[in-house]
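Residue numbers (this note's numbering): 288 to 839.
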């Protein structure tokens with residue numbers, strides 16, 4: 288059996304930052320279903336927030352974050368992120384991340400939605416790419432072992448203690464038990480539960496589903512962020528940095544429609560609100576082929592080429608539009624999960640020795656709506672904290688002992704999939720699941736549509752029991768991994784819908800046309816979803832309020 292002191296599942300920014308923090312003096316390994324530099328963190332474009340200017344403060348950042356969260360974010364965790372963020376960004380710079388600069392030579396910052404000050408540090412429009420490459424260099428320097436292109440199937444848990452994972456070497460098709468004194472999940476989001484998403488195809492929520500099945504509650508899963516500007520047809524992200532640099536949103540009449548909805552903040556209102564406004568323009572007939580238009584022409588060629596070069600490349604490549612000359616057709620698209628594996632501010636979960644950080648976790652700093660630029664900050668701050676706390680824990684553990692039962696159970700599960708000779712193919716199930724979520728769990732929600740979604744999801748779950756695989760080989764069987772990913776997506780879709788039906792109010796990204804108002808008296812609380820044979824069982828937990836009582 289392979290063993291390590293700390294095993295980190297996921298090689299994006301949160302995972303690599305945890306590894307770098309934990310590595311000194313310990314045997315640390317990362318396991319990832321893709322090469323680390325193909326992790327989805329590389330797709331983050333616009334920037335990372337922190338109060339770096341003497342005219343700004345971490346308290347102002349914390350207030351903006353709490354307000355933007357619909358006051359559902361836990362303010363103790365928000366304060367940690369905002370206080371520790373500036374030092375973490377300077378540390379990233381020291382480790383080799385190359386940020387854009389202002390005229391004084393300082394790290395440049397741009398305005399983002401919902402922020403009272405321009406505090407989003409950036410590297411042109413490739414911020415995630417810059418940070419991820421810097422962290423990968425540190426990973427190599429520290430000698431962290433990477434299981435590259437391995438797929439994790441389940442956690443090994445005995446007596447509420449996490450002892451490792453069951454994982455498959457995709458290249459060879461072999462299953463292994465990998466023991467660890469501590470396991471950190473940094474597995475990212477689940478955007479592919481929708482038929483169209485800004486997320487990479489690897490973002491199937493495997494980590495959240497594994498934790499859920501192991502008895503760890505998922506928190507606030509009903510809150511799914513839709514980004515206001517994604518490319519028509521493909522769902523590719525067009526960074527909020529485009530609006531931060533001064534881009535306009537126009538309807539088919541050429542009107543800057545945000546002036547009617549929020550004349551003060553305009554295009555830099557919070558993401559949930561801008562998305563609703565754009566969708567309303569489209570549904571009321573003022574869209575352009577199902578989109579609105581993002582106009583950057585007035586910024587000029589020099590500024591676009593300097594600060595938004597990737598956005599220009601994407602628009603030319605995928606919609607044949609050069610933003611120097613013409614507006615880009617965009618529409619709201621599924622983007623980010625505010626919910627996830629419930630943790631405290633040190634990334635600890637309900638299982639001893641099991642931690643989570645990044646988008647797969649719900650610490651909760653985002654509450655009902657995430658501010659742009661806070662996701663990268665969360666990965667860096669809480670990735671580091673997860674690594675530190677896990678390293679402290681493993682020094683109290685002498686050895687890892689576990690039975691062979693978990694490995695045998697997963698082998699039987701895979702064998703059943705490979706031996707079945709007829710049934711339904713996974714492609715149709717995945718299309719039906721994505722359609723159910725897209726059609727009924729979008730920006731605007733109501734009870735009737737969500738109940739339809741729940742019925743369709745449970746139908747997909749039942750049909751999943753009859754799937755068969757055409758590829759029965761063991762070498763790089765991607766059809767098998769796609770089947771396992773689909774199981775994760777079904778779990779998460781059900782928790783999203785059940786939590787959303789129960790929450791009879793509108794808050795942040797969860798907007799119900801049948802309950803259009805925020806209801807702090809009844810719903811200022813976190814939703815906890817526990818796995819049972821009959822589906823998610825819901826409980827509720829209080830929100831931590833420290834210095835910012837809920838206001839309008």
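Quick reminder that beta carbons are idealized off the backbone N, C-alpha and C, glycines included.
Worksheet item: So is residue 264 buried or exposed if we call it buried at 16+ other beta carbons inside 10 Å?
Response: What the structure shows of the chain is the stretch from 288 to 839, and residue 264 is not part of that stretch, so it cannot be assessed.
Item to complete: Spatial neighbours of residue 478 within its chain, please: CB distance less than 6 Å, with the 5 preceding and 5 following residues excluded, ordered by chain position.
Response: Cβ within range, chain order: 484, 486, 490 and 621.
Worksheet entry | With 16 other Cβ atoms within 10 Å as the buried cut-off, status of residue 690 | Residue 690 should be labelled exposed.
Item to complete: Ignoring anything shorter than 4 residues or poking outside the region 505–571, list the alpha helix (DSSP H) runs there in chain order.
Response: As summarised for the region 505–571, the continuous alpha helix (DSSP H) elements at least 4 residues long and confined to that stretch are 528–531, 545–548 and 558–570, given in chain order.
Worksheet entry | the region 652–671 contacting the region 353–371, beta-carbon criterion three pairs below 8 Å | Yes, since at least three Cβ pairs between the region 652–671 and the region 353–371 fall closer than 8 Å, the two stretches touch.
Worksheet entry | Beta-carbon proximity list for residue 421, same chain, < 6 Å, skipping 5 on both sides | Once the five neighbours on either side are set aside, the close Cβ partners of residue 421 are 382, 383 and 384.
Item to complete: Could you pull out every unbroken beta strand (DSSP E) segment of at least 3 residues lying fully inside the region 563–613, listed in chain order?
Response: If we require 3 residues or more, the beta strand (DSSP E) runs fully inside the region 563–613 come out as 579–582.
Worksheet item: Under the three-state reduction of DSSP, which class applies to residue 623: helix, strand or coil?
Response: DSSP places residue 623 in strand when its eight states are reduced to three.
Worksheet item: So is residue 287 buried or exposed if we call it buried at 16+ other beta carbons inside 10 Å?
Response: With the chain represented from 288 up to 839, any question about residue 287 goes unanswered, as that position is not in the structure.
Discussion item. For a cutoff of 9 Å on Cβ pairs, would you count residue 612 as touching chain B?
Written reply: The structure shown contains no chain B, having only a single protein chain.
Worksheet item: Assuming residue 501 and residue 377 make a contact with CB atoms under 8 Å, what is their CB distance in whole Å?
Response: That pair is no contact at about 37 Å.
Worksheet entry | Limits of the alpha helix (DSSP H) - the one that residue 708 falls within | Here residue 708 belongs to no alpha helix (DSSP H), and DSSP marks it neither H nor E.
Worksheet entry | Terminal residues of the alpha helix (DSSP H) in which residue 303 lies | Residues 300–309.
Worksheet entry | Test item: CB-CB of residue 755 and residue 709 under 9 Å | In this structure, residue 709 lies closer than 9 Å to residue 755 by Cβ.
Worksheet item: How would you label residue 262, buried or exposed, when you count the other beta carbons within 10 angstroms and need 16 or more for buried?
Response: This structure cannot speak to residue 262, because the chain is shown only from 288 to 839.
Practice prompt. Pull up the distance between the alpha-carbon of residue 405 and that of residue 743, whole angstroms please.
Written response: So the alpha carbons of these two residues sit roughly 44 Å apart.
Discussion item. Looking at residue 785: is its Cβ nearer than 9 Å to the Cβ of residue 823?
Written reply: Cβ atoms of residue 785 and residue 823: closer than 9 Å.
Fill in: Per-residue DSSP class, three states only, for residue 639
In the structure shown, residue 639 adopts extended strand secondary structure according to DSSP, grouped into three states.
Fill in: Ranges of the beta strand (DSSP E) found wholly within the region 312–372, counting only runs of at least 3
The region 312–372 contains these whole beta strand (DSSP E) runs: 315–319.
Worksheet item: Is residue 447 helix, strand or coil by DSSP?
Response: Correct three-state label for residue 447: coil.
Discussion item. Just to check my reading of the structure: residue 514 and residue 619 have Cβ atoms closer than 8 Å, yes? What is that Cβ distance to the nearest angstrom?
Written reply: Contact check for residue 514 and residue 619: beta-carbon distance about 7 Å, within the 8 Å limit, so the pair qualifies.
Item to complete: Would you kindly work out how many angstroms separate the C-alpha atoms of residue 293 and residue 670, rounded to a whole number?
Response: Between the C-alpha atoms of residue 293 and residue 670 there is a straight-line separation of about 13 Å.
Discussion item. If you follow the alpha helix (DSSP H) that residue 669 is in, where does it begin and where does it stop?
Written reply: Note, residue 669: alpha helix (DSSP H), 661–681.
Practice prompt. Kindly indicate the opening and closing residues of the beta strand (DSSP E) around residue 466.
Written response: In the DSSP assignment, residue 466 falls within the unbroken beta strand (DSSP E) covering 461–472.
Worksheet item: Between residue 525 and residue 290, is the Cβ-Cβ spacing less than 9 Å?
Response: No, Cβ-Cβ distance for residue 525 and residue 290 is not below 9 Å.
Discussion item. Just to check my reading of the structure: residue 596 and residue 330 have Cβ atoms closer than 8 Å, yes? What is that Cβ distance to the nearest angstrom?
Written reply: Not quite, the Cβ-Cβ distance comes to about 15 Å (not below 8 Å), so this is no contact.
Fill in: Integer Cβ distance of residue 773 from residue 717, believed to fall under 8 Å
Yes, residue 773 and residue 717 are in contact; Cβ-Cβ is about 6 Å, under 8 Å.
Worksheet item: Looking only at its own chain, which residues have a Cβ that is under 6 Å from the Cβ of residue 326, when we skip the five neighbours before and after it?
Response: Within the same chain, 298 and 299 come within 6 Å of residue 326 by CB-CB distance, once the 5 residues on both sides are set aside.
Worksheet item: Would DSSP call residue 412 helix, strand or coil?
Response: Note: residue 412 maps to coil in three-state DSSP.
Worksheet item: Looking at C-beta atoms only, is the number of pairs between the region 385–394 and the region 571–588 that lie closer than 8 Å three or more?
Response: Fewer than three beta-carbon pairs drawn from the region 385–394 and the region 571–588 are found closer than 8 Å, and the two stretches are therefore not classed as touching.
Worksheet item: So what does residue 432 bridge to, in DSSP terms?
Response: According to DSSP, residue 432 bridges with 316.
Worksheet item: Taking the alpha-carbon positions, what's the residue 373 to residue 647 distance?
Response: Residue 373 and residue 647: Cα-Cα distance of roughly 23 Å.
Worksheet item: Is residue 653 helix, strand or coil by DSSP?
Response: Coil.
Discussion item. Across the region 793–802 and the region 720–740, are there enough close Cβ pairs to call them in contact, namely three or more that are closer than 8 Å?
Written reply: Short answer: they touch.
Fill in: Within 9 Å, strictly: CB atoms of residue 814 and residue 790
Judged by beta-carbon spacing, residue 790 lies within the 9 Å limit of residue 814, meaning their Cβ atoms are closer than that value.
Worksheet item: Would residue 288 be called buried (16 or more neighbouring beta carbons within 10 Å of its own) or exposed?
Response: With fewer than 16 Cβ atoms within 10 Å of its Cβ, residue 288 is classed as exposed.
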